[in-house]
Amino acid sequence: MTFEEFKDRLFALAKKNGVEVQISFLETREFSLRLANGDLDQYTDAGKFNVEIKVLKDGKTGTFRTQVLENPEKCFEEALSNLQVKDSEEKEYFFEGGKEYREMETYVGRFEKLSVKEKMDMAKKAHESAAKDERVVMVPTVMYKDMVIKKIITNTLGLDVESQMDGGFLFAMAIARDANPRSGSWYELARTPEDLNPEEIGKRAAEEAISLIGSKTIPSGKYPVLMRNTALLDLMEMFIPMISAENVQKNLSPLKGKLGEQVGNPAVSIKDLPYHPKGLSSTPFDDEGVPTTEKFVLENGVLKTFLHNLKTARKEGVEPTGNGFVGGIRPVNLMLMPGEKSFEELLKEMDRGVVITEVEGMHAGANSISGEFSLFAKGYWVENGEIAHGVEDITISGNFLDLLRKIVLVGNDVKVSQHTIAPSVLVEVLDVAGK
Amino acid sequence: MLNESVIRDVLSAVLKSGGDFAELFFERKYENRYELKDGKIEQATSGEIVGVGIRGFLGTKAVYAYTNDLSRENLINVAKKVGEALGETKVEDLTFNFNRTKRKERHVVLIPPAQVEKTDKVSVMKKAYYAAKNYSELIKQVVVWYWDYDQEILVANSEGTWAEDRRVRTRLMINAVAEKDGVLERGFYGPGAGMGFEFFDRIDVEEAAKKAARIAARMVEAEPAPAGKMTVVIANGFGGVIFHEAVGHGLEATSVAKGASVFAGKLGQKVAAECVSAVDDATIPNGWGSANVDDEGTPTQRTLLIDKGVLVGYLVDKLGERRMGMKSTGSGRRQDYTFPPTSRMSNTFILPGDYHPEEIIAATEYGLYAKTMGGGSVNPATGEFNFAVSEAYLIEKGRITKPVRGATLIGKGHEIIQKIDMVGNDLARDQGMCGSFSGSVPADVGQPTIRVKEIVVGGRNK
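If you read the protein sequences in the order shown, they are chains S and P.
To convert, take the position in the first sequence, counting from 1, and add 50; that gives the numbering used here.
To convert, take the position in the second sequence, counting from 1, and add 753; that gives the numbering used here.
Structure (structure tokens):
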């Protein structure tokens, strides 16, 4: 049956049973190409939809997800039976809508107009550019991907919103020859294919690998660290659970009780942006239908707000911040606001220390409950403000909140990732483990 | 399930348009997820996914598409697109003789999730919650997740494969948080199995919860781990994540076939210390990573990977078969129909050796005892791996002394397996989720207690 019929039947069931119901419809189309050593290795062209049915009664909700628009009665029953399992006394809500939503250009439609050949050419160009230098022995992966996502959220309280986004990315990985193979990769995200430069992406991947030839380990110690944007983007993921009001309320965040306090260096400001021209997460409303908002999370180092969904906001008597997403509370685009200095100026400023370009093992080595991290890292050793050689077999460790206090200079070289946006930053000191 | 005539038409539609191999994967999966915080159920979600993946090969070129519009017309359209993307038609004879041998059911399920009252699932969660909460005054929050699913699959391909399988999995995950002087620390344990609700008759839920609480309580009082190279003794069970990351991923056809693995071209060569033998075994009855057939319809098997230090096997899927000229080891896996399958580990572990774990500790003058491991990751092309130790102690003069926290182990896989010098006799397996090209799949890691002579420990400098 059509979505409209499915919705009408569900709304009628809700009325008959004296409950509220909310339906979220998410349709995704994706196209991807993967090259291995320049040959087509995998090609995917596909689509699917997901429907989430949420039932609300006496401040409790129950959820059922389906990919079959056939049996609204069954979906309703399943959602209701999940509601009956809940014994939490915390009230949950639906949003009644009727609010103004910010106009955003989240859908441009340029990717959909590209032919398969044009997409293939982009991947090939990235491959050729990455493979050009004779020190590169292999380009194991080039990946091109684009997608279109359509979202509808509607409920029996009157909410009825719809949005569409599109975007794509291009990624390349190169391996350079050395005593041990050296790998380097680069990617860019964009709203239109014109903003993805395949030559540049391939070239950067090769440069990253080549620059690590002759890498050496360094003695364990405390060093000044220039955290390049590529590494900071990953590290900032740790901050996301910490600023969730739900985690704060449940004693699962080290930021509990710190609202209004100076938790970072005055050089550090962090915003949640509902819209960024390159951010593929940009959206006018969250998954509860609440308008997304631009706000400082950290302003000159002072903790200004936590991120809320409907439930956490009402519990605290504040306005929801439009950060309720399936799977929890998260920012739309979490951006560490850029400063004045270029990457090269930051290098000069550091004079002697370590540049970190990449961290690995975030899912295990970064603990957002304690803030502690201990991560495998890659980068360069810097002497006299210049890169001397690559470093291998090192880890960096510290506490994320301590890191925020130790950021003394912020760069202007902003890079965009899935949920985080950041420039490079100079960190006073970090623990490095090597030989 | 889809009927046979539709499936025949779909496979034909691919091959009429292009390619020399066509495959259809159908999946229907029901799952339940509950979350408990502060002793109360906060999230209760169930759901179903139903969809079809259609794949074609032309030589070593692969094209994949998926859809959850299961109408005949749409499926045929998607199939045509797959064939057209491959470009060239290679198959004249489009008759498929499906070989439908009755599958051997190795993973018997006694109580399927659908037959269990939701309140019974909640009771298990509460039992875990109270056991962890009451473990110590230091435990300030406990989050318990319950997850089960029941997945039915059907794989049919143009070579005559017709395979059906059902995978039922049940898991309980406990996250305990301890607080002392404003510092928070967590402990996690998440046992699971390829079985139904009878799983909770096989494990001691309270002991599992106490394990998570113990890690949090010990670690919140621990000093930071020392940094630098040292000897590390890694306990049995989840400790096997070191083999999984450092070596296992590098043995998957996905990277070996491209030459993008440090283990490519090393079959028959000595790659590890002689005390190291390892297998991947998807046939273990009711194992977390087990199945009767893989997601390409190939019967699963036990594959010897390393025999007394010599590399003897890779993990091969159907595309790997073509690219490497080796037979599939039944290792084609995927999270669901939205991912094309690729070679993946199932239950992977180091085989037991001669030492009692106590002997290994006693023989160590100074080092780190990694009692519980967190997760890790690896770059197969360079062998560089890392993983987090979630519960660690110092070893001084052959004895376990004080707890230390925040340790990470890093290195290159091909170097580290040469440095294993003692293997214990206490093999055990634990459960995890493994992420790679074809999504997140259940996988067991395992090992007896082992000692690595020298490894870089990431911690704090004095």
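Built from N, CA and C at the ideal position, the CB exists for glycine as well.
- DSSP places S/ASN383 inside the beta strand (DSSP E), whose first and last residues are 383-386.
- Nearest to P/GLY940 by C-alpha distance, out of P/SER889, P/THR798, P/VAL908 and P/ASN821, is P/SER889.
- Interface criterion met: the Cβ of S/LYS136 is under 8 Å from a Cβ in chain P.
- Here DSSP, grouped into helix, strand and coil, assigns S/ASP452 to helix.
- By the Cβ criterion, the segment 246-264 of chain S is not in contact with the segment 108-117 of chain S, since fewer than three pairs of Cβ atoms, one from each stretch, lie closer than 8 Å.
- In summary, the residues of the segment 425-440 of chain S whose CB is separated from some CB of chain P by less than 9 Å are LEU425, PHE426, ALA427 and LYS428, in the order they occur in the chain.
- Pairing P/LYS855 with P/ALA916, the inter-Cα distance amounts to about 9 Å.
- Counting only Cβ-Cβ distances below 8 Å, P/GLN894 has contacts in chain S at LYS300, ASN301 and LEU302, in chain order.
- Sequence-distant partners of P/LEU1072 (beyond 5 residues in either direction) whose C-beta falls short of 6 Å from its own C-beta, in its chain, are ALA815.
- With a beta-carbon spacing of about 13 Å, P/GLY1021 and P/LEU1058 fall beyond the 8 Å limit used to define contacts.
- For P/ASN1139, the enclosing beta strand (DSSP E) stretches over residues 1137-1149.
- Taking 3 residues as the shortest admissible run, the segment 787-847 of chain P contains the following complete beta strand (DSSP E) segments, listed from N- to C-terminal end: 793-811 and 814-820.
- Closer than 8 Å to the CB of P/ASP1047 there is not a single CB belonging to chain S.
- As the crow flies, the alpha-carbon of P/GLY1050 is around 24 Å from that of P/SER770.
- S/MET197 is outside the set of residues whose beta carbon lies under 8 Å from a beta carbon in chain P.
- In the structure shown, the three-state DSSP call for S/LYS149 is coil.
- In the DSSP assignment, S/GLU123 falls outside any beta strand (DSSP E) and lies within the alpha helix (DSSP H) extending over 122-133.
- For S/PRO473, the three-state secondary structure derived from DSSP is coil.
- Interface with chain S (8 Å Cβ-Cβ cutoff): P/GLY1212 is included.
- No Cβ-Cβ contact shorter than 8 Å links S/GLU296 with S/THR206.
- One thing to note: P/ILE968 has its Cβ within 8 Å of the Cβ of P/SER1143.
- Contact fails between the segment 1108-1124 of chain P and the segment 1088-1100 of chain P, because fewer than three Cβ pairs, one in each stretch, are under 8 Å apart.
- Contact check for S/MET193 and S/SER303: beta-carbon distance about 35 Å, past the 8 Å limit, so the pair fails to qualify.
- In terms of beta-carbon proximity, S/MET188 lines the interface with chain P, with at least one pair separated by less than 8 Å.
- Around P/LYS814, the beta-carbon contacts reaching into chain S at under 7 Å are LEU90.
- Counting the other Cβ atoms within 10 Å of the Cβ of S/VAL368 gives fewer than 16, which makes it exposed.
- Membership of S/MET197 in the beta strand (DSSP E) is indicated by the continuous run 186-205.
- A distance below 8 Å between beta-carbons, with the five flanking residues on each side excluded, links S/ARG232 to the following residues of its chain, in chain order: ILE225, ALA226, ALA259, ILE260, LEU262, ILE263, SER265 and GLY440.
- With a contact defined as Cβ atoms closer than 8 Å, P/ARG1182 and P/PHE1102 qualify at about 6 Å.
- Chain S places no beta carbon closer than 8 Å to that of P/TYR899, leaving this residue out of the contacts.
- Under the three-state reduction of DSSP output, S/PHE356 falls in the coil class, being neither helix nor strand.
- Of the residues P/ASN1039, P/ASN850 and P/PHE851, the one whose Cα lies closest to the Cα of P/ARG924 is P/ASN1039.
- Two segments are said to touch when three or more pairs of C-beta atoms, one from each, lie closer than 8 Å; by this definition the segment 457-476 of chain S touches the segment 376-385 of chain S.
- Under the 8 Å Cβ criterion, the segment 905-921 of chain P counts as touching the segment 767-782 of chain P, having at least three qualifying pairs.
- CA-to-CA, the gap between P/LEU847 and P/GLY1042 works out to about 35 Å.
- The residue among S/GLN214, S/VAL318, S/ALA438 and S/GLU311 with its C-alpha nearest the C-alpha of S/GLU77 is S/GLN214.
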